[in-house]
Structures are given as structure tokens and as C-alpha cells.
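Notes for the one structure printed next.
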Amino acid sequence: MSKEVPSISEAEWEVMNVLWKKSPLTANEVISSLQEQTDWKPKTVRTLLDRLTKKKVVGVNKDQKVYTFFPNYSQDDCQRAEAQSFINRIYGGTVKSLLVQFIQEESLSEEDIKELRSILDKQPNK
Numbered sequence: 001m002s003k004e005v006p007s008i009s010e011a012e013w014e015v016m017n018v019l020w021k022k023s024p025l026t027a028n029e030v031i032s033s034l035q036e037q038t039d040w041k042p043k044t045v046r047t048l049l050d051r052l053t054k055k056k057v058v059g060v061n062k063d064q065k066v067y068t069f070f071p072n073y074s075q076d077d078c079q080r081a082e083a084q085s086f087i088n089r090i091y092g093g094t095v096k097s098l099l100v101q102f103i104q105e106e107s108l109s110e111e112d113i114k115e116l117r118s119i120l121d122k123q124p125n126k
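Sequential numbering from 1 applies to the sequence shown in my numbering.
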């Protein structure tokens with residue numbers, strides 16, 4: 001990945017999910033979308049948008065009278081960065097430890113196991 005994705009808080013993820021679904025959006029559009037699923041005040045959402053803008057995770061189009069916001073990173077990039085951060089913090093950077101624990105804890109169906117094998121078989125030897 002060419003550019004480092006900044007760390008995003010749980011609340012900021014909620015804002016990003018709205019922008020990934022549809023953008024650009026005005027602050028009021030983001031607020032009304034989030035108020036359907038949270039009890040956040042408009043000021044809270046504006047603060048989160050402000051933080052995301054400062055982190056450059058969200059861009060602002062200032063060409064119109066009303067500013068609009070859009071994501072600077074794809075959902076995929078952010079998920080990958082968050083997963084890597086989680087693996088580093090909890091599993092010392094080792095994906096194998098995470099997978100072993102996950103596989104031992106979860107009851108995987110025959111279909112799940114086949115799918116995982118297929119994914120592993122397609123991995124190039126590094």
C-alpha cells in the first residue's frame with residue numbers, strides 16, 4: 001500500500017461507513033444519516049468529521065457554498081490497515097497465531113474449510 005492509512009476510532013468508522021456508501025455528502029447529510037442509527041448530536045458528528053479531515057482520511061470540497069466531504073481512502077485500505085494494527089497489537093504481528101486461534105475457536109463447516117484451503121492453495125510461496 002503506497003500511503004499509510006491513519007488510525008481511525010470506532011466512532012470515526014461510523015462516519016466513514018456513511019461516506020463509503022455515498023459521497024460526497026454535506027455535513028448535514030452525514031448527520032441525518034448517522035442520526036438514523038445513533039443518538040449522536042450534530043456537534044458530535046461535526047467534531048468527528050473535523051478529526052477525520054485533520055487526519056486527511058476525509059477530504060473536503062470547498063468549491064460550492066456548502067462544503068461536501070468524501071473519503072480519501074477506500075474501505076478496503078482502511079480495513080487492511082486496521083486488521084494489520086490488530087494483528088500487531090494482539091498477536092505480535094503473526095497472522096498464523098490469529099488464524100490458529102480463530103480456527104480452533106470457531107466451528108467451521110466443511111464448506112468453510114474447503115474455501116480456506118482453496119484460498120491457501122492460491123497463495124504464492126514467499
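Even for Gly, the Cβ is constructed at its ideal location relative to N, Cα and C. Please read these numbers as outputs of a predicted model, since none were measured by experiment.
Would you tell me roughly how many angstroms separate the C-alpha atoms of residue i and residue j, rounded to the nearest one?
| i | j | result |
| --- | --- | --- |
| residue 26 | residue 103 | 43 Å |
| residue 117 | residue 110 | 11 Å |
| residue 16 | residue 71 | 7 Å |
| residue 60 | residue 30 | 13 Å |
| residue 32 | residue 77 | 26 Å |
| residue 54 | residue 114 | 44 Å |
| residue 83 | residue 23 | 24 Å |
| residue 88 | residue 65 | 43 Å |
| residue 80 | residue 6 | 12 Å |
| residue 62 | residue 93 | 40 Å |
| residue 4 | residue 49 | 19 Å |
With H, G and I counted as helix, E and B as strand and the rest as coil, what does DSSP make of residue i?
| i | result |
| --- | --- |
| residue 26 | strand |
| residue 140 | A query on residue 140 cannot be resolved here, the shown segment of the chain reaching from 1 to 126 and no further. |
| residue 66 | coil |
| residue 1 | Because residue 1 carries a pLDDT of 39, less than 50, the predicted location of this residue cannot be relied on, and the following value inherits that uncertainty. Three-state result, residue 1: coil. |
| residue 57 | coil |
Tell me whether residue i is buried or exposed, calling it buried when 16 or more other Cβ atoms sit within 10 Å of its Cβ.
| i | result |
| --- | --- |
| residue 124 | exposed |
| residue 119 | exposed |
| residue 95 | exposed |
| residue 8 | buried |
| residue 108 | exposed |
Are the beta-carbon atoms belonging to residue i and residue j less than 8 Å from one another?
| i | j | result |
| --- | --- | --- |
| residue 85 | residue 91 | no |
| residue 38 | residue 10 | no |
| residue 58 | residue 34 | no |
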